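To start, the structure itself, in structure tokens.
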Amino acid sequence: MSATNETSADEEQLIARDPATGAILGTVPTTPAEHIDAVVQDVAKVQPLWALLRLQDRARYMRRMAQSVIDDFDELRLTLAREQGRPGAEIAALELLAAIDALKWIAEDGAEVLGSRRVGIHRSMSLLKRGRIAYEPYGVVGVIGAGSAPFAQPLGQIAGALLAGNGVTFKPARRACLAGERIARVLARAGLPEGLVRIVHGGAEVGVALAQAPVDKILFTGSPDVGRAVARSCVSHEKEVTVELGGKDAMLVLADARLPRAVAGALWAGCAGAGQARGAIERVYVAREVHERFLAGLIGGARTLRVGDPGDPRVQVGPLASARRTAHVEALVAEAIEQGARLHCGGPVSPPGCKAGCFYAPAVITGTTPEMRISREPLDGPVLTVVPFDSVEEAIALANDSAYGLGASVWTADRYQGTRIARELHAGMVWLNDHLPAPTVSRGPWGAAAGSGLGRTLGAAGLRACAQEKLITWDPPAYRGQWWGPYDATSTRAAQAVAKIRSGRESDRERAWRKGALALARLGARALGRGLPR
15 MSATNETSAD EEQLIARDPA TGAILGTVPT TPAEHIDAVV QDVAKVQPLW ALLRLQDRAR
75 YMRRMAQSVI DDFDELRLTL AREQGRPGAE IAALELLAAI DALKWIAEDG AEVLGSRRVG
135 IHRSMSLLKR GRIAYEPYGV VGVIGAGSAP FAQPLGQIAG ALLAGNGVTF KPARRACLAG
195 ERIARVLARA GLPEGLVRIV HGGAEVGVAL AQAPVDKILF TGSPDVGRAV ARSCVSHEKE
255 VTVELGGKDA MLVLADARLP RAVAGALWAG CAGAGQARGA IERVYVAREV HERFLAGLIG
315 GARTLRVGDP GDPRVQVGPL ASARRTAHVE ALVAEAIEQG ARLHCGGPVS PPGCKAGCFY
375 APAVITGTTP EMRISREPLD GPVLTVVPFD SVEEAIALAN DSAYGLGASV WTADRYQGTR
435 IARELHAGMV WLNDHLPAPT VSRGPWGAAA GSGLGRTLGA AGLRACAQEK LITWDPPAYR
495 GQWWGPYDAT STRAAQAVAK IRSGRESDRE RAWRKGALAL ARLGARALGR GLPR
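Okay, structure coming up:
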């Protein structure tokens with residue numbers, strides 16, 4: 015069977031298969047959708063005790079989680095590589111090193127991110143009031159993972175939710191069920207309280223059931239269709255949700271870019287995970303004056319990438335996740351060619367010894383237009399469309415003409431211009447002279463631009479998204495509210511004086527002190543219990 019995972023006839027087991035060879039790797043029990051509520055309720059019983067721990071004490075568990083990944087590095091690399099059909103070195107870099115770095119950062123700096131902070135209160139509004147922002151857990155957070163992000167991303171989300179004091183119910187993607195079990199092992203080796211994190215397995219129906227269960231927040235990563243269903247369910251149940259629906263990332267190659275590096279970057283980020291990685295490049299826009307040279311280098315490089323079973327260390331591109339996904343890629347490419355596009359290289363292949371897998375050699379296509387489906391729909395395959403542009407403004411417009419604004423990259427020798435372009439791109443993340451920079455930037459926020467997703471995961475923004483901000487203020491017990499009633503002429507004159515004191519004109523401020531000083535003094539005396547309204 016070409017799919018990575020299948021459900022047995024009795025729907026009680028997920029069977030994980032090597033997508034390259036079809037060999038069975040293992041099985042995991044599925045969780046019936048009707049049992050999800052009970053699982054969440056069990057986690058909710060454990061969570062309050064966990065929330066009583068200090069942030070620094072919870073952070074110690076994140077250090078143990080990182081150490082567990084380090085200790086099991088080779089076993090994790092082999093297991094994840096086989097289940098995902100990806101080269102072991104790619105798993106090591108994009109999943110394991112990224113996970114270790116994110117966990118170490120959460121352990122070392124997370125307490126400061128989630129620590130209470132002072133809120134400034136202008137003395138004109140209250141003489142003695144003090145305020146702080148505290149972060150409190152939601153309760154139980156549901157994490158729904160994607161098959162294209164099997165380990166580092168969900169583990170970072172779980173760690174962030176735990177540091178904030180939450181319990182977690184985690185549903186891995188069907189084709190990442192063994193990765194989900196390895197995450198459970200990492201958590202167990204860290205010594206987390208039993209029942210604080212529960213893992214449930216199944217298909218989209220289990221994810222929707224988790225969104226409908228009594229969780230307090232959902233962190234979703236996955237396909238647009240399922241993500242929108244989950245988001246609608248959360249909204250209808252009045253709970254918060256963070257959604258990352260994937261992208262159709264654009265790469266902008268300016269005339270002054272170093273072309274060999276840009277070509278290598280396009281091949282790397284376009285073929286990572288066989289083009290199925292979160293944030294993989296799909297659209298390449300190249301300055302017309304360097305278009306032919308870039309295209310020639312890209313085609314030559316794509317033809318040299320070996321496709322096959324990633325168990326062979328020479329292989330750079332593994333199989334696609336399923337026959338259905340392969341058919342979708344083939345359909346979009348065929349339709350584009352019918353409409354006038356040109357396929358320079360790539361397409362379906364059958365490597366020796368890999369009859370069970372669905373393989374697609376890296377493809378380079380030119381002559382596409384923005385109206386074609388291949389330019390608008392996510393591909394999830396190693397296919398790069400290359401389009402020339404005549405101006406930077408045109409390139410920005412082309413890159414922004416997409417409903418999926420996850421990531422983008424700009425390749426240029428001019429850092430100032432690259433930064434300016436980055437600010438104009440409709441994307442949640444923009445990289446200059448790089449794409450998919452994990453593990454080097456695994457501590458930053460991850461998420462799409464507005465309209466292409468909701469919220470951020472990972473980084474400081476992701477940590478704070480796992481907690482609820484609460485304003486806490488304090489006033490001395492003998493202090494009377496500065497603006498309490500009963501109101502009188504003194505209250506009005508004092509308010510007028512405060513407004514003018516906050517004016518940007520110096521003349522207004524001087525006049526306010528001359529005319530309002532007496533009213534302000536009476537207001538202050540009243541607040542301190544030394545005066546009565548007049």
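The working numbering applies: residue 15 is where the sequence shown begins, and numbers increase by one.
From the three backbone atoms N, C-alpha and C, an ideal C-beta is built for every residue, glycine too.
Predicted, not measured: the structure shown is a model, and the values here were computed from it.
Residue pairing from DSSP places Pro151 in a beta bridge opposite Ala481.
According to the DSSP assignment, Cys359 belongs to the beta strand (DSSP E) that extends over Arg356 to Val363. In this model, Pro490 and Val60 are separated by some 37 Å (Cα to Cα).
Val157 is the residue among Val157, Ala278 and Glu150 whose C-alpha sits nearest the C-alpha of Gln171.
It is roughly 37 Å from the alpha-carbon of Gly129 to the alpha-carbon of Ala103. The three-state secondary structure of Ala427, taken from DSSP, is coil. Linking Glu407 to Glu391 through their CA atoms gives a straight-line distance of about 23 Å. Residue burial is scored here from C-beta neighbours: Gln70 has fewer than 16 other C-beta atoms within 10 angstroms and is therefore classed as exposed. Between Arg78 and Ala175, the gap from beta carbon to beta carbon reaches 8 Å or more.
Put simply, the stretch 148-164 touches the stretch 223-235. At least three CB pairs are less than 8 Å apart. Buried is the label assigned to Ala413, since at least 16 other Cβ atoms lie within 10 Å of its Cβ.
In the pairwise beta carbon analysis, the stretch 262-269 is classified as not touching the stretch 89-97: fewer than three pairs are separated by under 8 Å. Rounded to whole angstroms, Pro459 and Glu258 show a C-alpha spacing of 12 Å. Trp498: not part of any beta strand (DSSP E); DSSP gives it neither H nor E.
Under the three-state reduction of DSSP output, Ala508 falls in the helix class. According to the DSSP assignment, Trp445 belongs to the beta strand (DSSP E) that extends over Met443 to Leu446. Counting C-beta pairs closer than 8 Å gives three or more between the stretch 272-292 and the stretch 371-381, which meets the contact rule. The C-beta distance from Thr487 to Arg144 rounds to 7 Å, short enough to fall under 8 Å. DSSP links Asp263 through a beta bridge to Ile295. Assignment of Cys285 by DSSP, reduced to helix, strand and coil, places it in the helix class. Every beta strand (DSSP E) of 3 residues or more that sits fully in the stretch 26-95 is shown, in chain order, as 27-31 and 38-43. Relative to Leu28, the option among Pro186, Ala34 and Trp64 whose CA is nearest is Pro186.
Contact annotation: Val347 and Gly315 have beta-carbon atoms that are not nearer than 8 Å. Taking 8 Å as the cut-off, the Cβ atoms of Gly354 and Val378 do not count as close.
Only residues of its own chain outside the window of five on either side were considered, and among them Val300, Arg302 and His305 have a CB closer than 6 Å to the CB of Pro402, listed in chain order.
A direct Cα-to-Cα measurement between Arg100 and Gly221 gives close to 25 Å.
Ile105 and Leu142 have their C-alpha atoms roughly 55 Å apart. Val200 and Glu208 have their C-alpha atoms roughly 13 Å apart. Counting only residues of its own chain and dropping the five nearest sequence neighbours on each side, Gly236 has a CB closer than 6 Å to the CB of Ala160. Note on Gly473: 16 or more other CB atoms within 10 angstroms of its CB, so buried under the neighbour-count rule.
Nearest Cα to His215 within the set His49, Trp527 and Asp263: His49. Taking C-beta separations shorter than 7 Å and ignoring five residues to either side along the sequence, the partners of Trp64 in its chain run Gly179, Gly181, Pro207 and Leu210, following chain order. Assignment of Thr318 by DSSP, reduced to helix, strand and coil, places it in the helix class. Thr471 and Ala479 have their C-alpha atoms some 7 Å from each other. Bridge pairing for Glu254: Lys231 [DSSP]. Phe403 carries a strand assignment under DSSP once its states are collapsed to helix, strand and coil.
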